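Quick note, the sequences are listed as chains A and B, same order. The first sequence: position 100 = 100 (my numbering), numbered continuously. The second sequence: position 206 = 1206 (my numbering), numbered continuously. We put the beta carbon where it would ideally sit given N, CA and C, even for glycine. Since we're looking at a predicted model, the values are computed, not measured. All remarks here apply to the structure that follows.
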Amino acid sequence: MKINKRLLVAVGFATLAGCAGKEAVKPHSASATASRSTSTQAAGAGQGSSMQGTGMQNSSMSLSSFSHLVHFRTNSSTIDSVNGKIVKQNATYLEAHSNVRVRLEGNTDERGTAQYNLALGQRRADAVKHMLEVLGVSGSQVATVSFGKSRPLALGHNAQAWAKNRRVHFNYTYFAGK
Amino acid sequence: MNRLGSYVRLLALTTVLSSFAARAVTIHINQGYGQKFPIAIVPFGGEKAWPADVRPSHVIRRDLNGSGWFDSLPSHDYLAQPHRAAQVQFNDWRLLKATNLLIGRVRRMPGGQVHIGFRLYDVNKGAQLTGLQYTVAPTQLRAVENKIADIVYETVTGVRGVFNTRIAFVTMYPRGAPGHYLYQLQVADAEGHGVRVILRSYEPIISPRWSPHGRRLTYVSFDTGWPAVYIQDVATGQRSQVAAFHGLNSAPAFSPDGTHLALCLSKGGYPEIYVLNLLTRHLRQLTFSPNINTEPSWSPGGGHIVFTSNRSGGPQIYEMTAQGRSKQRLTFDGHYNADPSFSPNGKWLTLVSRRGGQYHAAVFELADSTLEILTDTSLDESPTFAPNGQEVLYSTVVGGHRVLASVSLNGRGHRTLGLRGGDITDPAWSPFRHP
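Written as structure tokens, this is what we have:
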């Protein structure tokens, strides 16, 4: 991965990262092979050069090397810094693989009403899409959908389950067979 | 059939609706607040030939007790088991302090039909109040029993009964990998019996709502992988897709005359409320704020729409005309008020209100802007009024599972309808079938 790419990502991220929430959920840790992509460090912003480094073949970056889940605080569609890093990793992958399409699936926890949560899930998916676009990903690679509270990953009715369920899933397999 | 049946039970929930109780008088009918009518329901002559869950005295007792307005006296205390008018000795029932007495008979006719008749008495006056008989197909037996419960309810309380109305709801069963479920849109009678599956899908089904006469349902299904709004005829199963725009297609609600559908679409970038003319397919946008606007519900007269918006921060209830004019905020009590729907008389909204991190079914009185919490459960959703306005049905978590529960607005009846092996969400109570 070229350094100028990292810088651009860092700049984009800085504009989007909202308040880092106290309730921030630890992202699902990516597999042990994630060191390459998670090593992305925000170097000093301000030197954001243009995207000359388009030769991002980067075959070493595989889909399994970073998390596909972004988490949110209660009733929020703001992407905090921890989860922003995950969006960046996905952005890097998507830019390097411009033929890949991803479906961003917004979800909420079970608290509150079905339709309001459906709208909230949509706002979450849209927020992630917006950040991807700011990071340089083509909008045509990204579709959004919300399932609201109707597809919980964790079944419990407690804070841990809710934290896991407030998520946007980067679904890379949805379009793969279509 | 009747999978729900044996799980319907009265829960002795210690829900103390003290704050609501003080006002319940204003909602309620001419009888004194909190009063329950002690009624003796004699096992019908011949009913032992039927399975317990369709025996007339069982069905009628459960219906009436569940309403919160009756206290049916235990039959082992009865001094006699009359089935005919001539066998009734009113003093037997005065001793038990019964105000009303119900007797009847049921028997199979040659040719397979079922004959069922009943008499309802005022014990103190020693007089018959009403009595009717029916001859029906065996499959109609439960409907007739619910009808008898309706007649008893209305004769005694003066309010139309809802035992022959229906509820729609969605069940979710975990299936396969985490985050994957089998969803079923189902319809049952108001007590949770006679369950019928309307739609099965491995993609979410959300928020069924009834058409004005209860013949059709509108709902959101992700059948195609993407959200779309459908209208389906309950009897025939025939369905049509009415909205499948880019983004959200959600929260459909029939106008009271059935010609329009209010719904929430995000095709313009934000979740906004639109009204779709079902005849012309013309679509009109009613809200224009870059926030969440959803959960529209029509006033009974069709002139107004209430909805949820977070334009002021958290979700609150707003009202506007059906043309989208004169928007005003209605709720100021608490930081989360959502999913409003009107009572049949238009004087109330039921909604979900958060208090101290707990999500409760609540009732909002439009005339004086007061909000009253109805439950002591913490994860309530989708409250819906009974068509006679006497009860609110909602989904909540009891014992780790989502169930349907209802609370009668006199504060005395609280029921839970249960179903094993799944979670039940998104209840919607039908209107009366024959207005």
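B/E1295 (DSSP reduced to helix, strand or coil): The count along the second sequence starts at 1 and reaches residue 1295 of chain B at position 295. If DSSP states are grouped into helix, strand and coil, B/E1295 belongs with the strands.
At which residues does the beta strand (DSSP E) containing B/S1283 begin and terminate? As a first step, residue 1283 of chain B must be located in the second sequence, where it is residue number 283. It is worth fixing the name first, because residue 1283 of chain B is Leu in this sequence and not Ser. L1283 to Q1285 is the span of the beta strand (DSSP E), which, as asked, contains B/L1283.
Give the DSSP-derived three-state secondary structure of B/M1172 in the structure shown. For the purposes of this step, residue 1172 of chain B is taken as the residue at position 172 of the second sequence. Of the three classes helix, strand and coil, the one that applies to B/M1172 here is strand, per DSSP.
Closer than 9 angstroms, CB to CB, is B/E1319 near chain A or not? Counting from 1 along the second sequence, the entry for residue 1319 of chain B is found at position 319. No, its Cβ sits nowhere closer than 9 angstroms to a Cβ of chain A.
Starting from A/H130, trace the beta strand (DSSP E) in both directions and tell me its first and last residue. Residue mapping note: residue 130 of chain A aligns to position 130 of the first sequence, counting from 1. Per DSSP, A/H130 belongs to no beta strand (DSSP E); it is in the alpha helix (DSSP H), A114 to V134.
Which of the three DSSP states is assigned to B/F1090 in this structure? In the second sequence, residue 1090 of chain B corresponds to position 90, counting from 1. Helix, per DSSP.
Check whether the Cβ of B/K1359 lies closer than 9 angstroms to any Cβ atom in chain A. Sequence index remark: in the second sequence, residue 1359 of chain B carries index 359 (1-based). Note that residue 1359 of chain B is Tyr in the sequence shown, not Lys. By this cut-off, B/Y1359 is an interface position.
Cβ of B/I1292 within 9 angstroms of any chain A Cβ: Here residue 1292 of chain B refers to the residue found at position 292 when the second sequence is read from its first residue. Chain A, which has a Cβ nearer than 9 angstroms to the Cβ of B/I1292, makes this yes.
Which residues, taken in chain order from the segment 1242-1257 of chain B, show a beta carbon closer than 8 angstroms to some beta carbon of chain A? G1247, L1248, S1250 and A1251
When Cβ atoms are compared, which residues of the segment 138-151 of chain A fall closer than 8 angstroms to chain B? T144, V145, S146, F147, G148, S150 and R151
Selected residue, minimal CA-CA separation from A/R103, among A/G84, A/A161 and A/S146: Against the first sequence, residue 103 of chain A aligns to sequence position 103. Minimum Cα distance to A/R103 is reached at A/S146.
Only counting the same chain, and skipping five residues up and downstream in sequence, which positions put a Cβ closer than 8 angstroms to that of A/A125? Locating residue 125 of chain A in the first sequence gives position 125, where the first residue counts as 1. Answer for A/A125: L104, E105, G106, T144, V145, S146 and V168, listed in chain order.
So which of B/T1157, B/T1171 and B/G1192 has the shortest CA-CA distance to B/T1165? Position 165 of the second sequence holds residue 1165 of chain B. The residue with the shortest Cα to Cα distance from B/T1165 is B/G1192.
Proximity winner among B/Q1184, B/V1059 and B/P1208, relative to B/V1144 (alpha-carbon distances): Here the question's residue 1144 of chain B lines up with position 144 in the second sequence. Comparing Cα positions, the closest option is B/V1059.
Would you call A/T92 buried or exposed, if buried means 16 or more other Cβ atoms sit within 10 Å of its Cβ? What you label residue 92 of chain A is simply residue 92 of the first sequence in a count that begins at 1. With 16 or more Cβ atoms within 10 Å of its Cβ, A/T92 is classed as buried.
Under 9 angstroms, do B/T1396 and B/L1409 count as touching if we go by C-beta distance? Residue mapping note: residue 1396 of chain B aligns to position 396 of the second sequence, counting from 1. Residue mapping note: residue 1409 of chain B aligns to position 409 of the second sequence, counting from 1. No.
Applying the 10 Å Cβ sphere with the 16-neighbour rule, what's the burial state of B/D1077? Your numbering for residue 1077 of chain B matches position 77 in the second sequence. Exposed, because fewer than 16 other Cβ atoms sit within 10 Å of the Cβ of B/D1077.
Pick helix, strand or coil for B/S1240, following the three-state DSSP scheme. If you number the second sequence from 1, residue 1240 of chain B lands on position 240. Residue state, collapsed to three classes: strand.
Measuring only the C-alpha atoms, how far is B/G1158 from B/Q1316? Along the second sequence, one-based indexing puts residue 1158 of chain B at 158. Along the second sequence, one-based indexing puts residue 1316 of chain B at 316. Their Cα atoms are separated by approximately 35 angstroms.
DSSP three-state label for B/S1353, please. Translated into the one-based positions of the second sequence, residue 1353 of chain B becomes position 353. Note: B/S1353 maps to strand in three-state DSSP.
Using a Cβ cut-off of 8 angstroms, which residues of the segment 1173-1187 of chain B contact any Cβ in chain A, in chain order? P1174, P1178, G1179, H1180, Y1181 and Y1183
Pull the bridge partners of B/Q1316 from the DSSP assignment, please. Locating residue 1316 of chain B in the second sequence gives position 316, counting from the first residue. For B/Q1316, which the question treats as bridged, DSSP gives the partners B/S1309.
What is the DSSP secondary structure of B/P1056, counted as helix, strand or coil? Position 56 of the second sequence, counted from the first residue, corresponds to residue 1056 of chain B. It is helical.
Using the rule of at least 16 other Cβ atoms within 10 Å of the residue's Cβ for burial, across every protein chain shown, is A/F175 buried or exposed? In the first sequence, the residue the question calls residue 175 of chain A occupies position 175. With fewer than 16 other Cβ atoms within 10 Å, it is exposed.
B/T1375 to B/A1362, Cα distance in whole Å? Position 375 of the second sequence, counted from the start, is the residue given in the question as residue 1375 of chain B. Position 362 of the second sequence, counted from the start, is the residue given in the question as residue 1362 of chain B. B/T1375 and B/A1362: Cα-Cα distance of roughly 8 angstroms.
In the DSSP assignment, find the unbroken alpha helix (DSSP H) run with A/Q89 in it and report its ends. Sequence index remark: in the first sequence, residue 89 of chain A carries index 89 (1-based). That run of the alpha helix (DSSP H) goes S81 to A96.
Residues near B/T1321 in its chain [Cβ-Cβ closer than 8 angstroms; skip 5 each side]: Taking the second sequence and counting its residues from 1, the one referred to as residue 1321 of chain B is at position 321. G1303, H1304 and I1305, listed in sequence order.
Please work out which residues of its chain come closer than 7 angstroms, Cβ to Cβ, to B/R1108, disregarding the five sequence neighbours upstream and downstream, and give them in chain order. For the purposes of this step, residue 1108 of chain B is taken as residue 108 along the second sequence, with counting starting at 1. V1114, listed in sequence order.
Below-9 angstroms beta-carbon distance, B/I1041 vs any chain A residue: Numbered from 1 along the second sequence, position 41 holds the residue referred to as residue 1041 of chain B. Chain A, which has no Cβ nearer than 9 angstroms to the Cβ of B/I1041, makes this no.
Nearest neighbour of B/G1124, chosen from B/S1299, B/V1152, B/I1039 and B/S1297 [CA to CA]: By 1-based counting over the second sequence, the position of residue 1124 of chain B is 124. In the sequence under discussion, the amino acid at residue 1124 of chain B is Asn, which differs from the Gly named in the question. It is B/I1039 whose Cα lies nearest to the Cα of B/N1124.
Using only the alpha-carbon positions, how far apart do B/G1117 and B/R1062 sit? Residue numbering aside, residue 1117 of chain B sits at position 117 when the second sequence is read from its first letter. Residue numbering aside, residue 1062 of chain B sits at position 62 when the second sequence is read from its first letter. Spanning the two alpha carbons is a distance of roughly 18 angstroms.
Which residues in the same chain as B/A1149 place their Cβ atom closer than 8 angstroms to its Cβ, once the five residues preceding and following it in sequence are excluded? To locate residue 1149 of chain B, count along the second sequence from 1; it is residue 149. Excluding residues within five positions, the ones whose Cβ falls inside 8 angstroms are V1059, I1060, D1063, L1064, G1161 and F1163.
Are the C-beta of A/T113 and some C-beta of chain B separated by less than 9 angstroms? Along the first sequence, read from residue 1 onward, the residue named residue 113 of chain A stands at position 113. For A/T113, the answer is yes, since a Cβ of chain B falls inside 9 angstroms of its Cβ.
Could you tell me whether any Cβ in chain B is nearer than 9 angstroms to the Cβ of A/H157? Numbered from its first residue, the first sequence carries residue 157 of chain A at position 157. True, the Cβ-Cβ gap to chain B drops below 9 angstroms.
Could you check the C-alpha separation between B/T1416 and B/G1400 for me, to the nearest Å? To locate residue 1416 of chain B, count along the second sequence from 1; it is residue 416. To locate residue 1400 of chain B, count along the second sequence from 1; it is residue 400. C-alpha separation (whole angstroms): 14 angstroms.
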